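Asks: Using the working numbering, you'd call the opening residue of the sequence shown number 7 and step up by one each time. Ideal placement from N, C-alpha and C gives every residue a C-beta, glycine not left out. No experiment lies behind these values; they were computed from the predicted model shown. Quick one: the structure is below, and I'll ask about it shortly.
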Amino acid sequence: MDLYAVVGNPIAHSKSPSIHTYFAQSTQQDLHYSTLLGDEERFEEQVTEFFKNGGKGLNVTMPFKGRAYDMCDVLSKRAKLAGAVNTLMMGRNGDIFGDTTDGVGMVNDITKNHGQTLQGKCVLVIGAGGAVRGVLEPVLAENPASVTIVNRTVSKAEALAEQYGCLASSFEALEGTFDVIINGSASSISGRLPPLKDSIIDANTWCYDMAYSKERTLFLTWAEQHGAQGVDGLGMLVCQAAESFYLWRQVRPETSSLVTKMRQEMEA
7 MDLYAVVGNP IAHSKSPSIH TYFAQSTQQD LHYSTLLGDE ERFEEQVTEF
57 FKNGGKGLNV TMPFKGRAYD MCDVLSKRAK LAGAVNTLMM GRNGDIFGDT
107 TDGVGMVNDI TKNHGQTLQG KCVLVIGAGG AVRGVLEPVL AENPASVTIV
157 NRTVSKAEAL AEQYGCLASS FEALEGTFDV IINGSASSIS GRLPPLKDSI
207 IDANTWCYDM AYSKERTLFL TWAEQHGAQG VDGLGMLVCQ AAESFYLWRQ
257 VRPETSSLVT KMRQEMEA
C-alpha cells in the first residue's frame, strides 16, 4: 500500500486524511494517508525519513511551506513564483519535486464547481501574504481583463504586483466596481472585515472568500448586503487536495460531491 501524509504543526485538526481517503475510495486507489506532526527543529529530517521509508508523497501545511520549498531539487513554475510548496513527491532518480496546488485548486473550484469565469473579468484580490502569492499565477492564467491587489500595507501589494505584472492599490484609492472579488487576507479568520468601499461592489459582482467556516464570513455577509453572490473556500480545500492527488496518482477525483458532503457535516 502506498503511503502519503500531511505534515504541519498543529496537525490533528487537518481534514486532509479524510479527503484523500475519500478520493482513494472513489477512484479505487490503494493508499494510506495519515498526519505527521512537524518538529520545528527536525522538519527536514522528518521529510527525508518519510521518503526514505517508502513514502510516496507529502502535503505540507503551516508553518513549513517555505522550508519545504528550500528542500526541493525540482520546482514547478507556479511553486517558484509562490516561493512555497504544499505538495512534495519523490522523483524516479531520488529528487524531491515540489509544487503548490492552492491556486489551481481555488481556480478549479471557482470555474468548475461554481460555473464562474475569470476570463475578461476585472478581479480584485484582497491581501498580499503567502495565501495570495500562492494563487496569483493560476488566476492570471485564466486571462482576466485586470487583476488588482489591495492591501493595508500598500508596499507589499506593490511588490507582488510588480512580480506578477498586475495592479496594486490601497483600500482608499480603489475606484469603480469589480466583477470578481477574492478575499485572501486573514480578516475572515480573525473575524474582521477588510476596509472595503461600498462603491466597488454591486449585484453583478461575484465574491470568493479563501477562508471557510460553519457561519458565513463577514466578507460574504458584506457581499450579500450589496446584492452580490459569493462562496467560501471549502471547495478550495478539496480542490487543492484533488490536484495533489492527481500529481501523485495521475487520477483526477471528482470534487463537488465531497464538498457537499463536508458542508452538510460542518453545518449539522
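For CYS213, which three-state DSSP category applies?
Replies: Indexing the sequence shown from 1 puts residue 213 at position 207. It is a strand residue.
Asks: Just verifying my parser: in three-state terms, what is the DSSP assignment at HIS19?
Replies: As a working note, residue 19 is residue 13 in the sequence shown. Of the three classes helix, strand and coil, the one that applies to HIS19 here is coil, per DSSP.
Asks: List, from N- to C-terminal side, the beta strand (DSSP E) runs of 3 residues or more that fit wholly inside the segment 51-115.
Replies: Within the segment 51-115, the complete beta strand (DSSP E) runs of at least 3 residues are 61-66, 93-96 and 102-105.
Asks: If distances are taken between C-alpha atoms only, which option among SER191, GLU260, ILE102 and GLU273 comes closest to TYR28?
Replies: As a working note, residue 28 is residue 22 in the sequence shown. Considering only alpha carbons, the answer is GLU260.
Asks: Output needed for ALA11: all residues of its chain with C-beta closer than 7 Å, excluding positions within five of it in sequence on either side, in chain order.
Replies: Looking up residue 11 in the sequence shown gives position 5. The answer, listed in chain order, is TYR39, SER40, THR41, LEU42, PHE56, GLY61 and LEU64.
Asks: Take THR154 and list the residues in its own chain whose beta-carbon comes closer than 6 Å to its own, dropping the five residues that flank it on each side.
Replies: Your numbering for residue 154 matches position 148 in the sequence shown. Once the five neighbours on either side are set aside, the close Cβ partners of THR154 are LEU130, LEU173 and SER175.
Asks: Cα separation between ALA234 and GLY241?
Replies: The residue given as residue 234 occupies position 228 in the sequence shown. The residue given as residue 241 occupies position 235 in the sequence shown. Distance between the alpha carbons of ALA234 and GLY241 is about 19 Å.
Asks: Between the C-alpha atoms of GLN52 and LEU124, what's the straight-line distance to the nearest angstrom?
Replies: Walking along the sequence shown from the start, residue 52 turns up at place 46. Walking along the sequence shown from the start, residue 124 turns up at place 118. Whole-angstrom Cα-Cα distance: 39 Å.
Asks: Since GLY136 is in the alpha helix (DSSP H), which residue starts that stretch and which ends it?
Replies: As a first step, residue 136 is located in the sequence shown; it is residue number 130 there, counting from the start. Start and end: 136-139.
Asks: Using a Cβ-Cβ cut-off of 6 Å (strictly less than) and excluding sequence neighbours within five positions of LEU264, which residues of its own chain qualify?
Replies: Along the sequence shown, read from residue 1 onward, the residue named residue 264 stands at position 258. Taken in chain order, the residues that qualify are TYR28 and VAL244.
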